[in-house]
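> Would you mind keeping the following structure in view while I ask a few things?
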Amino acid sequence: MDLKCKKFKVSIRISIITLFVLLLGFVGALIISINHFTLNKILLRTSKDLIQEASSLIKHRLQLYLLPLDRDIIEAGNLLTKGVIDPNNNTQFGIYLHELINHNPDIYGAYWGTMAGDFYGIDREATNKLTLQYIVRSTQTPSNIRYELDSNGQIKKTIPLKNTGYDAKTRPWYQAAVREKHLIWTDIYQFHLFAGSDYSLPGITAALPVYNTRQQLMGILGIDLTIDQLTKFINNLTVTKNSIIYITDQFNHLVAFRKREQAANLIGKELTSELIQELAIPLPAAGLSGSSSTITGYYVDKKEYFATYQPLTHNAGNTWHITIIVPGDDIIGPLKSASLRAMILAIISLLGGIMVVRYISQRISNPIIQLANEAKAITELDLTQSTTINTVIKEISYMNDAFVAMRSSLKSFQRYVPSSLVKNLIMSGKIAEVDGENRELTFLFSDIGNFTHLAEHTEPHRLMQFLSEYFETMTQAVIQANGTLDKYIGDAVMAFWNAPLPVSDHALRACQTAVDMLKRMQELNQHWCNQGLPKLEIRIGINSGFAIVGNVGSQERLNYTAIGDNVNLGSRLEALNKIYGTHIIVSQTTYELVKNHFTFRFLDQVAVRGKEQGVAIYELVTDIATDILLAYQQQFMSAFIAYQQGNWPQSLSQFEKLADVYPKDKIAKLFIKRCKWLIETNPAQWHGIWRME
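In this note's numbering, the protein residues as written are 9 to 701.
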């Protein structure tokens, strides 16, 4: 062979366009990459700084919110211990409580509960008002009096109340302080509203047990703090559009929560795994932890997130936790937009350059490219009328005349055989002629169930479209598995493998095609259901064996097909699906060739219509778990052996048990009917083979 023929060849037009595209594409990709990585680095650094700043801001806000409260209650406790403030002096103590609450608008109430059950407190239950509450339980005549205070803490109105039964010693803040014997913070709970308001007010209480100089418990000092302001505070923070911010206390209860489109009041709820899933909080599998605020990157469901977790411990020993989660798309989104704009601009520039280069190269190489396209079309059996090639090059003109003659010859040959067979014959180098050979093949027959009913109730034009779409899909399944489509018989399809080109694994390819057909049928049904068309099912029979395959017919028309007893058996197997309620039935021969590649179950030993000899048939299973099928087969074979041996009562009993365990299985019910019939008729000659007559 001439060494020049072995050299790599590239057309002038493709060479010019390719070099231009590579050069411009490289420069454009380099610029876009530099911009992408630079912007990515800047955006990540800026966003992390923003998250860090937000976390620090929340921590600072909590410190301003909580730490002064610890300081105030400890200072008040010291004054009570030293006797500077006398809780029995109502006037003095009321003024002190007023000063304690008045300077901090976040404080809801301050109060004192004694060991005797007396209660003295001041609260903001009324809007823009401070109210003093005295509940005396230590005297013979209990009293419950509420005073409305002016801006200076002086009583301006007395509101006598009935004894509500309120006992400070039963409240969680009192009991926790007595039990712990030091400053405590309660869990989030609903405050007691003395004025009888119907709204709920969640908050926390700092409670301090106060002892005298002899270490005797005098009472419990408590300060209430509402936490709704924290939620308002974090809702006003701007981190990113879809960021999630929440604060939890030491009991993992939500103190504040912010998430876009989340309007429900979650304050006080425990942040359980179920609530995390309900709120769609994308936490990493290992959770978030740490003693300092650090930015953590992770992925959840293939989406990137950045999070910071920061604990805050106050004087009572309780720890609150601040968590901020930011979706990566919120950070990378601007980068993607910028990169997309740069890419679009680069593509527009590249397309513009290609158009210019294409015009120039076209003037040079257009005749050669046209001829190459003609050659490619002929190899693909696209035998439509060719376009006229205008060229002054003599050799190209000679080649064009040769292609025209070749196209005419192939058009004539295509009248004898389908295009798919012509392609195979071209590849094999064989010439079509009337002859045949005995070869082992695998045959596949498929049919649409209940097609007659569909044809009766469908307009002919609509039915033709219906069948065309079905045949197109099934044909593609056969062709992709290197099968030969023989013919369409009404709504049925006949195909075979291992001819004209040899295929060593012909049985395997046929079974793979059958499974693919079922899958494609499901997709077609989904498509048809969307158009209001009925759902259809297909039945498939597969048989392997020797048959005569070749060209039969006349000089006017050839048909490449296969004939023989094994062809008929494949067709009969397809029809058996209707009886056994299956989709794919294969013969014993096919089963032996592919039994290690698919899951099968034994169905029966039958003599199909027109045959005396029985054959074992199997279902190619696609929708039953292997472990279930194994248990089923063991029970089935036991019943079937008794059935073949003529022990029909025992077989009937076993099949009935099988039907109870697998109520949806049609085969067990089929054998129950057979056994009952056999018991009733008691045929004289029984060989264990059911004849389909």
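In this text, a Cβ means the ideal position worked out from N, Cα and C, and glycines have one as well. Just so it is clear, the structure is predicted and the values come from calculations on it, not from any experiment.
1) Could you give the distance in angstroms between the alpha-carbon of W694 and the alpha-carbon of G654?
2) Report the three-state DSSP secondary structure of S318 (helix, strand or coil).
3) Check whether the segment 220-236 and the segment 181-192 are in contact - that is, three or more C-beta pairs closer than 8 Å.
4) Compare the C-alpha of S146 against each of A176, N160 and L138 and name the closest.
5) Using the three-state DSSP reduction, which class does A293 fall into: helix, strand or coil?
6) Give the DSSP-derived three-state secondary structure of Q484 in the structure shown.
7) Is the separation between the beta-carbon of H329 and that of T256 shorter than 7 Å?
8) Which residue comes first and which comes last in the beta strand (DSSP E) that contains H329?
9) For R132, count neighbouring Cβ atoms within 10 angstroms of its own Cβ and tell me buried if that reaches 16, exposed if not.
10) Using the rule of at least 16 other Cβ atoms within 10 Å of the residue's Cβ for burial, across every protein chain shown, is Q141 buried or exposed?
11) Please list, in chain order, all residues of the same chain as N538 whose beta carbon is under 6 Å from its beta carbon, the five residues on each side excluded.
12) What did DSSP end up calling G361 once you bin it into helix, strand or coil?
13) Check whether the segment 582-598 and the segment 464-483 are in contact - that is, three or more C-beta pairs closer than 8 Å.
14) What residue ranges within the segment 591-667 form continuous alpha helix (DSSP H) runs of no fewer than 4 residues, ordered along the chain?
15) May I ask you to report which of helix, strand or coil DSSP gives I697?
16) Using 10 angstroms around the beta-carbon of T280, count the other beta-carbons present and answer buried if the total reaches 16, otherwise exposed.
17) Quick one: grab the DSSP three-state call for I163.
18) In terms of DSSP beta bridges, what is G553 paired with?
19) From N97 to A214, what does the alpha carbon distance come to, in whole angstroms?
20) Do V334 and T248 come within 7 Å of each other at the CB atom, strictly closer than that value?
21) Is it a yes or a no for the segment 531-546 touching the segment 563-577, going by three-plus beta-carbon pairs under 8 Å?
22) For V218, which beta-bridge partners are listed by DSSP?
23) Measure the alpha-carbon distance for N585 versus D443 and round it to whole angstroms.
24) Mind reading off the beta-carbon distance from A647 to R699? Whole number of angstroms is fine, and I expect it under 8 Å.
25) Relative to the C-alpha of E600, which residue among K619, H535 and D513 is closest?
26) Using a Cβ-Cβ cut-off of 6 Å (strictly less than) and excluding sequence neighbours within five positions of L87, which residues of its own chain qualify?
27) Taking 6 Å as the cut-off, is the beta-carbon of R187 closer than that to any non-hydrogen atom of the ligand FAD?
28) So L581 and I625 are supposed to be a Cβ contact under 8 Å. How far apart are they, rounded?
29) Determine, using beta-carbon pairs with one atom in the segment 551-558 and one in the segment 519-537, whether at least three such pairs fall under 8 Å.
30) Measuring CA to CA, which of G276, T302 and T316 is closest to Q291?
31) Starting from the Cα of A118, find the closest Cα among L32, L77, F453 and D409 and give me that residue.
32) Quick check on the burial criterion: 16 or more other C-beta atoms within 10 angstroms. Buried or exposed for M9?
33) Which residue wins for smallest C-alpha separation from L359, given the options V29, I697, G696 and S23?
34) When we look at the beta-carbon of D158 and count the other beta-carbons within 10 Å, is it buried (16 or more) or exposed?
35) Taking only the alpha-carbon atoms, compute the straight-line gap between I39 and G33 and give it to the nearest angstrom.
36) Taking the CB atoms as reference points, tell me whether G276 and I196 lie closer together than 7 Å.
Taking the geometry as given:
1) Approximately 7 Å between the Cα atoms of the pair.
2) Checking the sequence shown, residue 318 turns out to be Gln, not Ser. In the three-state reduction of the DSSP assignment, Q318 falls in the strand class.
3) The segment 220-236, when compared against the segment 181-192, does touch it at the 8 Å Cβ threshold.
4) With distances taken between CA atoms, S146 lies nearest to A176 out of A176, N160 and L138.
5) A293 falls in the coil class under three-state DSSP.
6) Reduced to three states, the DSSP call for Q484 is helix.
7) Yes; because the gap between Cβ atoms is below 7 Å, this pair is in contact.
8) Taken as a continuous stretch (DSSP letters only), the beta strand (DSSP E) holding H329 covers T327 to P335.
9) Residue environment analysis places R132 among the buried positions, since at least 16 neighbouring C-beta atoms fall within 10 angstroms of its C-beta.
10) Buried, since its Cβ has 16 or more Cβ neighbours within 10 Å.
11) Taking C-beta separations shorter than 6 Å and ignoring five residues to either side along the sequence, N538 has no partners in its chain.
12) In the structure shown, the three-state DSSP call for G361 is helix.
13) Not touching, per the Cβ criterion.
14) With a minimum length of 4 residues, the continuous alpha helix (DSSP H) runs that stay inside the segment 591-667 are 596-602 and 634-652.
15) In this structure, I697 counts as coil in the three-state DSSP scheme.
16) Exposed: under 16 other Cβ atoms inside 10 Å.
17) The three-state secondary structure of I163, taken from DSSP, is strand.
18) Per DSSP, L449.
19) If you draw a straight line from the Cα of N97 to the Cα of A214, it comes to about 23 Å.
20) In this structure, the beta-carbon distance from T248 to V334 falls below 7 Å.
21) Output reads no: the segment 563-577 does not touch the segment 531-546.
22) For V218, which the question treats as bridged, DSSP gives the partners G227.
23) Their backbone Cα atoms lie some 34 Å apart in a straight line.
24) Not confirmed; about 20 Å, so no contact.
25) Ranking K619, H535 and D513 by Cα distance to E600 puts D513 first.
26) Contacts found: I93.
27) The model on display carries no ligand, and the ligand FAD is accordingly not part of it.
28) Separation of the CB atoms of L581 and I625 is rounded to 6 Å, and the pair is thereby assigned contact status at 8 Å.
29) Result no; under three Cβ-Cβ pairs closer than 8 Å.
30) Per the sequence presented here, residue 291 reads as Leu, with Gln not at that position. Selected option, being the one with the closest Cα: T316.
31) It is L77 whose Cα lies nearest to the Cα of A118.
32) Residue placement at M9 cannot be trusted, given a pLDDT of 43 that sits under 50; what the coordinates show is reported in the next sentence. Per the 10 Å Cβ criterion, exposed.
33) The shortest Cα separation from L359 among V29, I697, G696 and S23 belongs to V29.
34) Counting the other Cβ atoms within 10 Å of the Cβ of D158 gives fewer than 16, which makes it exposed.
35) Looking at the two C-alpha atoms, the distance is approximately 10 Å.
36) Result yes, Cβ atoms of G276 and I196 sit closer than 7 Å.
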